[in-house]
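Participant: Mind looking over this structure? Questions follow.
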Amino acid sequence: MAYANKDDYKKWYMANRERLIAKARAADLANPDLAAQRKREYAERHPDRVKDAGRRYSRKPEALAKQRALKAKPEQREKAKLLREHYRDTLHDCFVRRCLAQHLKIKGSEIPQTLVDAHRELLRLKRAINEKL
Numbered sequence: 241m242a243y244a245n246k247d248d249y250k251k252w253y254m255a256n257r258e259r260l261i262a263k264a265r266a267a268d269l270a271n272p273d274l275a276a277q278r279k280r281e282y283a284e285r286h287p288d289r290v291k292d293a294g295r296r297y298s299r300k301p302e303a304l305a306k307q308r309a310l311k312a313k314p315e316q317r318e319k320a321k322l323l324r325e326h327y328r329d330t331l332h333d334c335f336v337r338r339c340l341a342q343h344l345k346i347k348g349s350e351i352p353q354t355l356v357d358a359h360r361e362l363l364r365l366k367r368a369i370n371e372k373l
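Plus 240 on top of the position in the sequence shown (first one is 1) and you've got this note's numbering.
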């Protein structure tokens, strides 16, 4: 349905908005694989929009309550602890960046990869020295 004028299309869309949303939702439920593929493609094309939407959602009170409830679960805390230990033992990028950022006034994501690699080697050497002592 092509409209020569954008204002006419906006009026038509606002008049039929609920019906169009319901129709799109039904199509997504009927073809979940196709819907998932469409969502992935959208996320690849518009990563900044997806990130902004996630940030807006994460600030909502119900999202914060859900996050707090999840963190309070003992099995989730145990899982997070095991993951942190794995990152520490393998000198993963996120662990090394966190170690570097503790003493700097910048975020870990702002630290260049070459510096992360150099600090990882330094930590390996320190660990090797401490093992031999």
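We treat Cβ as the ideally placed atom computed from N, Cα and C, and that holds for glycine.
Helix, strand or coil, according to DSSP, for residue 261 in the structure here?
Facilitator: Correct three-state label for residue 261: helix.
Participant: What residues in its chain sit with their C-beta under 8 Å from that of residue 345, if we drop five residues either side in the sequence?
Facilitator: Here the set comprises nothing.
Participant: Kindly list the residues whose CB is nearer than 6 Å to the CB of residue 360, restricted to its own chain and excluding five residues on each side of it in sequence; keep chain order.
Facilitator: Taken in chain order, the residues that qualify are 331 and 336.
Participant: On the premise that residue 338 lies in contact with residue 348, defined as a C-beta separation below 8 Å, what is that separation, rounded to the nearest angstrom?
Facilitator: Contact holds; Cβ gap of about 6 Å.
Participant: Within its chain, find whatever has a CB closer than 8 Å to the CB of residue 325; leave out the 5 residues flanking it on each side and keep chain order.
Facilitator: Nothing listed; no residue qualifies.
Participant: Would you tell me roughly how many angstroms separate the C-alpha atoms of residue 298 and residue 282, rounded to the nearest one?
Facilitator: Going from the Cα of residue 298 to the Cα of residue 282 covers about 20 Å.
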